[in-house]
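Here the structure comes first, spelled out in structure tokens, and everything after it is commentary.
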Amino acid sequence: MPRLFLLGIDGLPRWMWQQFADSGVMPNSKPLLSSGTLVPMKSALPEVSSAAWASIVTGENSGGHNVYGFTDLIDGSYTLGFTSSRTFRAKPFWQREGSGPSLIMNVPQTYPAQPLEGMLVSGFVALDLKKAVHPADQLPWLEDIGYEIDADMSLIETGKSEFVSELHNVMATRCEALHHHWDREDWQQIMFVLTGTDRLNHYLWEDYEDTSSPHHQPFLDFYHEVDVQIGRILERLDDDTTIAAVSDHGFAAQKMSVNLNCLLAENGFLQLRESNRPSYIDMLPVTTAFAMDPGRIYLHREGRHPGGTVTGEQAEELMQQLTRFLLSTEVNGVKIATEVHRGRDIYTGSFAHRAPDLVVMPATDVALSGRMNLSELIEPTAINGKHTYTESSFFVRGNNLGQIPDDMKVENVLDVIMPAAQARYKAA
Amino acid sequence: MSEPTACHNANQTCWSCPAVEFKGHVDFRACGQAAFRKAAEGQLVVECKRRPEIGYFDPTSITFEHCTEWKKTDSGYLLDGMRVLILGMDGYLGWPLALKLAKQGCKVYGIDNLLRRKLVADRGAQSVIPIETMENRVKAANEELGVDIDFREMDLLDRDALFAYIKEVQPESIVQFAEIPSAPYSMADVDKAVDTIQNNVVGTLGLLFGVRDHAPDASIIKLGTMGEYGSPLTGRPLFEGLFPGDAVLQYKGEEWSLGGELTPRDPVSFYHVSKVQGTFSVYEACKYWWLRSYDVMQGVIYGNHSDELSAHPSLATRFDIDEWWGTVVNRFVAQAVIGMPLTIYGSGNQLRGYITLKDAMQCITRLIAAPPEPGQYDVVNQVTDVMSVKQIAQTVATIGAEFGLDTEVQRIENPRVEAEEHPYEVIHDKLSENFGFTSESSFEDEVRGMFEVLTKPEAVARIKQQESKLFPTTKWSGETAKLKVLETWKPEIKDKAA
């Protein structure tokens, strides 16, 4: 029997989980939630899955684990790299001394799979299953059952029904893999993440809100199936196991996706040379600021970027200017931002120097992006649900728990579910 | 992040680089990933086979200029130690290209079944400039130029061997020169026509499967010919393989865009038919399998020198002059050297595009240095001059006079089926505008250089040994009657000083 079972349900809002438990959409969740504590949790800044999951499994914010988003510029260059286990610089709990045999499945940011005592199957982004499995001798079994890291997003172009069907298939296979490997060994801790919920929310949020939509019931059915899987997991656990269930961010409707780089370019902060496929390498030295997904703003700093020209003396005034600009800007008559944070105020740790200078919190209904394709300020997209900073889920039931802070954040999860081990790690 | 530089490919990105491996698309707005070739949208994700430490990255965010694997050379940025596989390395073009690329720092691999040597010998002809065996050539390249070239005697049609070699080499660029390159040979009889089609069409088709399965990121440089287009009597420009974006067809009062579509082909022999089939095979493979290719519509090639070939006599490339294997300029110079009239077909007003061997090698090298993007098929017209056959004869005779030669020109019955009076507007902008090509040799200088070599006694003797093979005998009609001489004259040689 594992000491800890940490279940991840990507993008499940706290309020929705409670509502679905109460309304019968997720019947197994009802007694579960009643048996422990469910509280709203704050996500990472910005509210992006890669950073949030990294915080959940390390207890650090982005300044400590070095994951600020799905992408980052490789130091001293304009190369847009994708964050991975190689750039993830803090130790997740399963790699710490004395953590015991662990079964870790589908946790984002763990690709390529790094050695551990136990077994790990990476979560997205992981485009090659062969590098996503440790130990490698478990790969053939996963290949045989048709294990997929993630649902094929392109199916949304075929239709929502096909897309949802794909989500079901991927979840079924993932759960089959969980139980198969669970049976193989006496694991001390298991972490298992379901990610289909996030994909569903992104593309079918409008159908969730519109009860007359033909896809409304399929939306609920998917959550019902998630609950069935929760029930199946709970059947295998008893009171000796600490059960925690978390999501990495909340969710809400998205009505408009605004490209921050387009906005910066239109207002003289960003200038690109001509290019068929514009990217960061195309920024001209006159550029003073640029954005990266979802709401990260970087000053084009001398000494940090190869062609950067913004000096330390100019930075403060520029940040004030940008903050005023972002908070006052309206697109289609709608304010795009509610808050603009300074990176130096919100990040701590060995990699805080790599932080964005500003983090923009999007307004209601607005999503922000940092694409370098400057053709459209308002990006066309089939996505209609967006992440929120607030209202992710944190549930816990167990023994020897730490105190749940009033202002619960993703980086506090380990403090609550494994307080002693986390304290030892921090002290070390 | 810099101002534009002089190098034609400085701003090309890893998306064009054969050293990166496409991993998929990601749409971070929905936190999701999608499989290769399924997602229409999303961020491109690649890994670099040479720099795995970068991990997953956006290929458009590194340019050749900023990548440590790409080095600045005379041909633009070139992938350091780029592995280039030349099919048909023993040929007129294959060997000089091997030397040039090796000298530029490429790792050069090649195959050839030595068929050209056999076919020329079967014809009773020979290279006017003696050439070494491939074994000796490779050795000489090492001794004289300090380069290593890996050569395997292999038939393109031996697919097991070819695929194994591709798998072993993992080429980053593949140059397809391994074709039988003679229009009259393909028209001589049924066996030769079938051999041409079999070797060229089937060989190229098989190659494409090998690339798909074993080196899908390699750029394919496929040698085509300007003869694929024919010479449209309407005067329609010979665009570079594809119609320009604003091309429109008017029909029954309606307009239809032709932009991006393949332009019509009108081949002029079964050899040219084989080239057209090659074009379609490559075009389709790029579409079906996301292979990438430049299809090179090369003008009539001539000349015998390049910097590397000139380094030592044992490095020479072959130089054929007979009716089947010699191209027109090369044959005219040889005819002039032995006092044989320069034989013009029909009116002699046929216009064609031409390029020197040296310029052609520069073009191909520049194309190799600037690979297409995955799935991209593009065409270049590799031509520097457009001339009539009559003009060429006039110039050869004029330059021959500098060497004391008194040259006649002879119009003979045209053995081919072709238009003799036609407009001919060749569009050939891409190589100079997109690939930085500048001609390094002129027609007159190249002809002069050929006279210098071919007037040497040993060359004259080798020409005379095959004199009977210079006068055309192969009729497109299949008839065997001797071609009639229509007119013979001595071109007026203007006083050079005047």
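So the protein sequences, as listed, match chains A and B. Read left to right, the first sequence gives residues -7 to 420 (the working numbering). Read left to right, the second sequence gives residues 9 to 506 (the working numbering). By construction, the Cβ of each residue, glycine as well, lies at the ideal position given by its N, Cα and C atoms.
Three-state secondary structure (DSSP) of residue i
i: D120(B); result: strand
i: S146(A); result: helix
i: F44(B); result: For F44(B), the predicted model reports a pLDDT of 48, less than 50, meaning its position is unreliable and no value from the coordinates is stated.
i: N422(A); result: Outside the displayed range of chain A (-7 to 420) lies residue 422(A), so it cannot be described from this structure.
i: D276(A); result: As written in the sequence, residue 276(A) is Leu, which differs from the Asp given in the question. If DSSP states are grouped into helix, strand and coil, L276(A) belongs with coil.
i: M290(B); result: The residue asked about is misnamed: residue 290(B) is Val in this sequence, not Met. V290(B) falls in the helix class under three-state DSSP.
i: I141(A); result: coil
i: N357(B); result: coil
i: Q474(B); result: coil
i: G102(B); result: helix
i: W497(B); result: strand
i: D35(B); result: strand
i: K115(B); result: strand
i: E161(B); result: strand
i: H173(A); result: helix
i: F243(A); result: strand
i: P354(A); result: strand
i: H57(A); result: helix
i: R(-5)(A); result: coil
Those residues which DSSP pairs with residue i across a bridge
i: V8(B); result: This structure cannot speak to residue 8(B), because chain B is shown only from 9 to 506.
i: C56(B); result: V28(B)
i: L227(B); result: The question names Leu, but residue 227(B) in the sequence shown is Ser. Its beta-bridge partners are S181(B) and R300(B).
i: H297(A); result: E294(A)
i: D393(B); result: Y362(B)
i: G110(A); result: S94(A)
i: E248(B); result: Its beta-bridge partners do not exist; DSSP assigns none.
Separation of residue j from residue i, as counted between CA atoms
i: V54(B); j: G63(B); result: 8 Å
i: G235(B); j: R244(B); result: 15 Å
i: A307(A); j: I376(B); result: 44 Å
i: P270(A); j: I501(B); result: 57 Å
i: F44(B); j: S146(A); result: Note that F44(B) scores 48 on pLDDT, short of 50, meaning its location in the model is unreliable and no value can be drawn from it.
i: L24(A); j: L30(A); result: 10 Å
i: I188(B); j: S194(B); result: 9 Å
i: A420(A); j: V358(A); result: 42 Å
i: S26(A); j: M(-7)(A); result: 22 Å
i: G92(A); j: M400(A); result: 27 Å
i: E410(B); j: W497(B); result: 19 Å
i: T382(A); j: G61(A); result: 17 Å
i: A27(B); j: K57(B); result: 5 Å
i: Q370(B); j: G218(B); result: 27 Å
i: Q20(B); j: F72(B); result: 6 Å
i: K260(B); j: K79(B); result: 54 Å
i: A319(B); j: G154(B); result: 11 Å
i: L95(A); j: Q180(A); result: 8 Å
i: I1(A); j: D190(A); result: 8 Å
i: C15(B); j: R363(A); result: 28 Å
Beta carbon of residue i nearer than 8 Å to that of residue j
i: S35(A); j: D240(A); result: yes
i: Y279(B); j: T212(B); result: no
i: L122(B); j: Q184(B); result: no
i: P100(A); j: F116(A); result: yes
i: L406(A); j: F(-3)(A); result: no
i: M33(A); j: S385(A); result: yes
i: M248(A); j: N365(A); result: no
i: Y339(A); j: S54(A); result: yes
i: F74(A); j: F30(B); result: no
i: G214(B); j: C294(B); result: no
i: N389(B); j: L246(B); result: yes
Residue i: CB within 7 Å of a non-hydrogen atom of the ligand ADP
i: Q358(B); result: As far as ligands go, the structure on display features none, and thus does not contain the ligand ADP.
If we count Cβ pairs, one from each stretch, closer than 8 Å, do we get three or more for the segment 73 to 91 of chain A versus the segment 100 to 120 of chain A?
yes
Does the segment 290 to 306 of chain B touch the segment 446 to 458 of chain B, meaning 3 or more C-beta pairs lie closer than 8 Å?
no
Decide if the segment 139 to 147 of chain B is in contact with the segment 340 to 351 of chain B; the criterion is three or more beta carbon pairs, one per stretch, under 8 Å apart.
no
Can we say the segment 155 to 168 of chain A touches the segment 340 to 349 of chain A, given the rule of at least three CB pairs closer than 8 Å?
no
Validate contact between the segment 389 to 404 of chain B and the segment 448 to 467 of chain B using beta carbons, cut 8 Å, 3 pairs
The segment 389 to 404 of chain B makes contact with the segment 448 to 467 of chain B: 3 or more CB pairs, one atom from each, lie closer than 8 Å.
The segment 313 to 320 of chain A touching the segment 383 to 398 of chain A, judged by at least three CB pairs closer than 8 Å
no
Does the segment 213 to 229 of chain B come within contact of the segment 362 to 380 of chain B, defined as at least 3 CB pairs closer than 8 Å?
yes
If contact is defined by three or more beta carbon pairs under 8 Å, each pair taking one atom from either stretch, is the segment 108 to 116 of chain B in contact with the segment 84 to 100 of chain B?
yes
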